[in-house]
Every structure is written in C-alpha cells, then in structure tokens.
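Protein sequences appear in the order of chains A and B. Going by our numbering, the letters in the first sequence line up with residues 9 to 123, in that order. Going by our numbering, the letters in the second sequence line up with residues 159 to 270, in that order. Yeah, the Cβ is synthetic: ideal placement off N, Cα and C, and Gly gets one too. Working notes for the structure below.
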Amino acid sequence: GAGVSQSPSNKVTEKGKDVELRCDPISGHTALYWYRQSLGQGLEFLIYFQGNSAPDKSGLPSDRFSAERTGGSVSTLTIQRTQQEDSAVYLCASRPVSGDNQPQHFGDGTRLSIL
Amino acid sequence: QQQVKQSPQSLIVQKGGISIINCAYENTAFDYFPWYQQFPGKGPALLIAIRPDVSEKKEGRFTISFNKSAKQFSLHIMDSQPGDSATYFCAASMDSNYQLIWGAGTKLIIKP
C-alpha cells in the first residue's frame, strides 16, 4: 500500500532562498511529524500535528521555519532565507492515533543542500 | 531527564556474530521503547518494540532486553548478516502523548 510520500526527494538551492518541502501522509493517519537529520546524526524533532489540535512547534530551530497542515492531510514545511546550516535530510512521519503505541511510518525524506 | 543515551556510536561485527546495542533513559514515566532501523537514503522503519511489563521480547533474530530497575534496554541481533548493516535508533515515549525521544543512533556494519 501507499506509504508516506515526500517531495522533492532532493533540493539544491542558494543561500537566502525560501524552500517548501511537502509531505503526503498515509491516508487516515491523523498524527504527522517533521524531523531533521543531519549527516550521520540522529533525528531532531521539529513539529508535530495531531488532528485539529494546535501543533507542537517546540522543536522548530528558528522563526525561519514554519509548517502547516491543510485539511488534516498534506503538510508543508517552509524554510525562509535558507542558511548553509539548514542543509540536512528532512523526514516526515505519520501514524494513526487509534490503538496503543502505533508506530510512526516515515517517508524517505527530502535531502536539502544549501549552496 | 528527557534524554535517551545510545551506545556504541558505531559497531562492526563479523557475519554470524551477535550485535548488541544499548540504550539508557532517566524518565521513569517512559513506557514504550521501540527500535528503528534505517538504511541509507531511506526513512527509519520500526523493527521491534517493548513495554516495561516484560523483560524480553523476541522477533526472529532480533531481541529486546529490558531492565526496568537499571533503566536500560538493549537490542540483540543474533546470527548477524550483511543485510543487517544499517543505522539503528532506540527511542522512548510516554503513552499519553507519544512523542518519541530518540537516541543518537548506532551505525552497524556486518563484515562478510
């Protein structure tokens, strides 16, 4: 079946430009997460959406980062005025809420390179 | 108190050997402990998970050992194969909000 889909798979842009990263979660999954993974590093939590509740933005590293989730499905992570330190793989995950400890299902990420 | 400490950072094991990765936590409110496996260019995928009411869970060649009093848990991969070469992440969460707290990852290489 369809998994979590992220686009683009790779993005190269110049410092100072804005970028938008897209995540299509698994249908019916009400929880959606964004993470950042630097080369060879662990996962850094960015933001969490759960249904119609206010998102948990506690992991966003600066006000240049924002995310939205339209209609409880597709999510877009926007990075404004990109910096070289923003270069990383951005991972999206979704999970159903019903049922105990349902696992997070990850997409394959967007590899962002800032020149 | 929210950290999950994972070791080693990297591990090389001969084919057929046992791979062991360890994690430790501080927050006694954690009650769900998954392990994720990540291959290069892919997102992490759930491998196996445990709740603290059991001390061990086995699925095929993969076993989680859980020591509640020591606040430690480990992943054992028996008869390690080259296809097991990947990065492994431990994590922990509290049931109420299911925010996963992630370990830093272990890069495992199985030598043929």
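When you compare the CB positions of residue i and residue j, do they come within less than 8 angstroms of one another, or not?
i: residue 17 of chain A; j: residue 90 of chain A; result: no
i: residue 25 of chain A; j: residue 92 of chain A; result: no
i: residue 200 of chain B; j: residue 116 of chain A; result: yes
i: residue 268 of chain B; j: residue 242 of chain B; result: yes
Kindly indicate which residue of the options has the alpha-carbon position closest to the one of residue i.
i: residue 220 of chain B; options: B/235, B/197, B/185; result: B/235
i: residue 39 of chain A; options: B/267, B/257, B/268; result: B/257
i: residue 54 of chain A; options: A/21, A/76, A/34, A/48; result: A/76
i: residue 100 of chain A; options: A/33, A/110, A/63; result: A/33
i: residue 122 of chain A; options: A/69, A/20, A/13; result: A/20
Among residues of its own chain, excluding the 5 on either side of residue i, which ones have a beta-carbon nearer than 6 angstroms to its beta-carbon?
i: residue 213 of chain B; result: 224
i: residue 181 of chain B; result: 162, 164, 231, 248, 261
Using a Cβ-Cβ cut-off of 8 angstroms, state whether residue i counts as contacting chain A.
i: residue 266 of chain B; result: no
i: residue 173 of chain B; result: no
i: residue 192 of chain B; result: yes
i: residue 258 of chain B; result: yes
i: residue 262 of chain B; result: yes
i: residue 224 of chain B; result: no
On the DSSP letters alone, give me the boundaries of the beta strand (DSSP E) that residue i sits inside.
i: residue 63 of chain A; result: Taken as a continuous stretch (DSSP letters only), residue 63 of chain A belongs to no beta strand (DSSP E), as it is neither H nor E.
i: residue 41 of chain A; result: 39-45
i: residue 20 of chain A; result: 18-21
i: residue 223 of chain B; result: 220-225
i: residue 163 of chain B; result: 162-165
i: residue 30 of chain A; result: 27-32
What does a CB cutoff of less than 7 angstroms around residue i pick up in its chain, not counting 5 residues either side in sequence?
i: residue 205 of chain B; result: 193, 194, 195, 220
i: residue 175 of chain B; result: 238
Using a Cβ-Cβ distance under 8 angstroms, would residue i count as near chain B?
i: residue 32 of chain A; result: no
i: residue 16 of chain A; result: no
i: residue 24 of chain A; result: no
i: residue 50 of chain A; result: yes
i: residue 40 of chain A; result: no
i: residue 116 of chain A; result: yes
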